[in-house]
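**Q** Protein chains in written order, with our numbering: chain U, 156 to 339; chain L, 3 to 386; chain S, 8 to 417. Here a beta-carbon is modelled for each residue, glycine too, at the ideal position from N, C-alpha and C. Once you've had a glance at the structure underneath, I'll fire off some questions.
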């Protein structure tokens, strides 16, 4: 299955090979010599930095105040690196941990796309190297002291108790109302 | 790089003649094909057998495909053939869309084509550069990567990442591109067209390169088809089969482009040079496709309206796509749940690698390097 | 050509150089030789190190990047950092290796690369050791390197490294044949093996000009010499295992080769030997084919037999034992030397000659580096084909042509 050039006499082929060897070598050498004098493409990192476009998928930024605690990001993550630890719901919630394990995170952006209020976004910060494995787990929630947590728990319990009392008050007065109404 | 003594398997010792040697081209290579282990048995100078041992990069992709949701699989598909991330995700999304009867907007289809072709060029530049590196020419690698930097910058603008893009999504693409990106792509096309003849001057037509690759690793037509080769490996043997023409997807039928095929120009049909040349010419053809897609890029949505969790009815589908390395297909078996029942990957490098032993018989060890480089494998998709 | 020590012997009258006439003469000679050897070693080491830097910079520039630029201004201290790194590495000797040969191999290769420096001149009178058979001496040491390579292939005890070493030795040895034939072309044309005479011959009448300047170079005197130059240069590339002939080195990346078992300073010996022998080849090319120190820069002429030491000794005169301040007299003589026009002329001549010589050698060195970063590697059987079927026939043709030329036009 040979579709090469027409067969030449070996003598001719010898000199043809030799000549092509010389000429192609010279062509290559001419090209590299030209490149010797062209401007260089090196970026002297870290003094010079590359231009990072908007939308670059780097480390997360989380705005706790806007978070609805819908846990859509937690569900969307393909590698389960996002773990949210919170007490309460809605406006009464207190987010204890918003952990992202960067040893697992793919930077795939699914969590941010799932976020409705866009309180979770990927920023352009790409320089994330670290030498210790435990620094890979980053908690984005604000640090809360145990006192604050206890206080909030009490607040929630109190609210729960009030709600319960209000609910009982609504349910129980069947007898009271009958009594009141039917007191004849 | 172990010495011969440690690598003799037990049964080889009994039958070992004094001239035979088992060499391990270990999982760690200077050549950048990944963690491939080649066990080579040489009879003096010539290779008598060369068996690839794979699995060093196995990451259970197919098992993961059964446990996460359909749209959560897409970031994993990026990591199969990590040099052709756009193409992998596209193939998977097409499979899901075919099964779930999801209509992809035209703008999204064209964007997918542009990104897939740009990724094809980037992947072929890596193949070109690393092949030159294997053969001892260090400079073409850097020239290729210089052009590839432009592509990666375009991808960074479009998707936010430089290598694992997560850009094609089920129903379309992740983000739209702006006029800056379009301008960057057009600029790149000009730059690439100017750089292409330089690659030929430096490497393709170089007498030493031709001596190393022509008439080496010849794959006859029948053998190519028997081993299930696809992509440039198949077309290098003269068979004009390209999935983009045979089973067009993502509106590839709207574009005019040629299928480069090996002709035995420098040696024999189906040798390493032919496969290499097919890749080089495919770069030019991809530039044509990108230009046509940019010119005809319609306005419109870039992602179909879909529920948060994609619902795929029960059934099975296989959609082949033309990856830079060959035919990639996802055989998807759905069961009506948010997770697939089975997700099998037909990886092109896995099938292309099967021809290694047949080609390596009777050649020098230096030729084995040339052969592996011309098959152009990426271990990410060989091992999955 | 007179070396410093012979000069001193010739001119040494009286008591000034009493050590040379006493039983301590051997010490003086030994010190002098040690100084010469140290200078040669220093020159070789500094040059090899500097050219590792040069190679990395040139490679970077060819590839569109900057090369080393962090260690020192423009990265000039990079070779020192490399040296420190290699010195600090653990010295590993494989258990199954032959210890003696393992240690001896890099030493032999280094010696084979270092000792030619004793005979390589910078200029007509700037040479560590003056030899009439310098050419043969240098070519002989290229062969000593081959023994070192064979030892390096055998010592680690791995069959594959033996294959690699043998193949490399075959490459180096077989390329010495065309190289020797090309040298023979020049020797036939000139009629002498002495470097001074070869270079002097390249400044005699040629092309009808009495002072032919560049046209007097050997490559312009005979087409056979021009072809011999290219063959010698390509042979030199192969003999020093430079790309495109570095397949044995590359093969050692994939499988055990002759120098994968070496690390740290031992590897540095191989490395420096390679760069040093590249310089030897380039310097030989410059002397034999490109006119040596009669180069682009015009060299002033001086009367025959005038030397710096001769002038200096004339200024010192003779000191007798009664002289009160001999050292002062020596110092005064040295000072006078820099005011004497003839000795300044001699110094200028030598300096310009050295600049010519080094310029040509370094230009050829640059071309070696340039070629390495442009071309892919040649497979070993193609390397042997190139030597035996291409270079050797053409080299023989050159020799035959030269023989006919010399016979017909003496």
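1. Within the chosen definition, does the region 302-318 of chain S reach the region 140-152 of chain S through at least 3 CB pairs nearer than 8 Å?
2. Flag residue 297 of chain U as yes if its beta-carbon sits less than 8 Å from any beta-carbon of chain S, otherwise no.
3. Going along chain U, which residues have a C-beta under 7 Å from residue 73 of chain S?
4. Which residues of the region 46-76 of chain L have a Cβ closer than 7 Å to any Cβ of chain U? Give them in chain order.
5. Taking Cβ to Cβ, would you say residue 92 of chain L is nearer than 8 Å to residue 118 of chain L?
6. Classify residue 306 of chain L as helix, strand or coil using the three-state DSSP reduction.
7. Tell me which residue opens and which closes the beta strand (DSSP E) that residue 322 of chain L is part of.
8. Below 7 Å on C-beta distance, what does residue 180 of chain U contact in chain S?
9. Quick one: what does DSSP say residue 51 of chain S is sitting in, helix, strand or coil?
10. In the DSSP assignment, find the unbroken beta strand (DSSP E) run with residue 387 of chain S in it and report its ends.
11. Indicate the three-state DSSP secondary structure (helix, strand or coil) for residue 54 of chain L in the structure shown.
12. Chain S partners of residue 190 of chain U, CB-CB under 9 Å?
13. Given a cut-off of 8 Å on the beta-carbon distance, is the pair residue 382 of chain L and residue 83 of chain L in contact?
14. What residues in the region 143-172 of chain L have a beta carbon less than 7 Å from any beta carbon of chain U?
15. So residue 344 of chain S and residue 318 of chain S are in contact, right, with Cβ under 8 Å, and what is the actual spacing, rounded?
16. Return the Cβ separation of residue 186 of chain L and residue 212 of chain L in integer angstroms, given the expectation that the two are a contact with Cβ distance under 8 Å.
17. Suppose contacts are defined by Cβ-Cβ distances below 8 Å. Is residue 354 of chain L in contact with residue 231 of chain L by that definition?
18. Tell me residue 254 of chain U's beta-bridge partners as DSSP assigns them.
19. For residue 269 of chain S, does the three-state DSSP call read helix, strand or coil?
20. Quick check on residue 200 of chain L - is its C-beta less than 8 Å from some C-beta in chain U?
21. Can you pull the DSSP bridge partners for residue 346 of chain L?
22. Can you tell me whether DSSP reads residue 217 of chain U as helix, strand or coil?
23. Of all Cβ atoms in chain L, is any one closer than 8 Å to the Cβ of residue 275 of chain U?
24. Verify whether the separation of the beta carbon atoms of residue 376 of chain S and residue 254 of chain S is less than 8 Å.
25. What's the C-alpha gap between residue 58 of chain S and residue 271 of chain S?
26. Are three or more beta carbon pairs between the region 253-265 of chain L and the region 340-357 of chain L nearer than 8 Å?
27. In chain order, what residues of the same chain have a beta carbon less than 6 Å from the beta carbon of residue 75 of chain S, not counting five sequence neighbours either side?
28. Check each candidate in S/351, S/381, S/154 and name the one with the smallest Cα separation from residue 1 of chain S.
29. Tell me whether the beta-carbon of residue 270 of chain U lies closer than 8 Å to the beta-carbon of residue 230 of chain U.
30. Give me, in chain order, the residues of the same chain whose beta-carbon lies closer than 6 Å to that of residue 33 of chain S; leave out the 5 immediate sequence neighbours on both sides.
31. Could you check whether the Cβ of residue 186 of chain U sits closer than 8 Å to any Cβ belonging to chain L?
32. Please list, in chain order, the residues of the region 245-265 of chain U that have any C-beta partner in chain S closer than 7 Å.
33. Among the candidates S/237, S/234, S/257, S/224, whose CA atom is the shortest distance from the CA of residue 303 of chain S?
34. Does DSSP classify residue 170 of chain L as helix, strand or coil?
35. Can you tell which of L/346, L/37, L/239 has the C-alpha that lies nearest to the C-alpha of residue 90 of chain L?
36. For the region 238-253 of chain U and the region 294-309 of chain U, state whether three or more C-beta atom pairs, one from each stretch, are separated by less than 8 Å.
**A** So, to answer that:
1. no
2. no
3. 195, 197
4. 70, 74
5. yes
6. coil
7. 317-325
8. 382
9. helix
10. Residue 387 of chain S -> not in any beta strand (DSSP E); alpha helix (DSSP H) instead, spanning 387-392.
11. strand
12. 68, 69, 70, 71
13. yes
14. 148, 158, 159, 162, 163, 168
15. 6 Å
16. At roughly 35 Å, the Cβ-Cβ gap does not stay under 8 Å, so residue 186 of chain L and residue 212 of chain L are not in contact.
17. yes
18. U/238, U/294
19. coil
20. yes
21. L/333
22. strand
23. no
24. no
25. 19 Å
26. no
27. 63, 82, 85
28. Outside the modelled stretch of chain S, which goes from 8 to 417, sits residue 1 of chain S, for which no answer is possible.
29. no
30. none
31. yes
32. none
33. S/224
34. strand
35. L/346
36. yes
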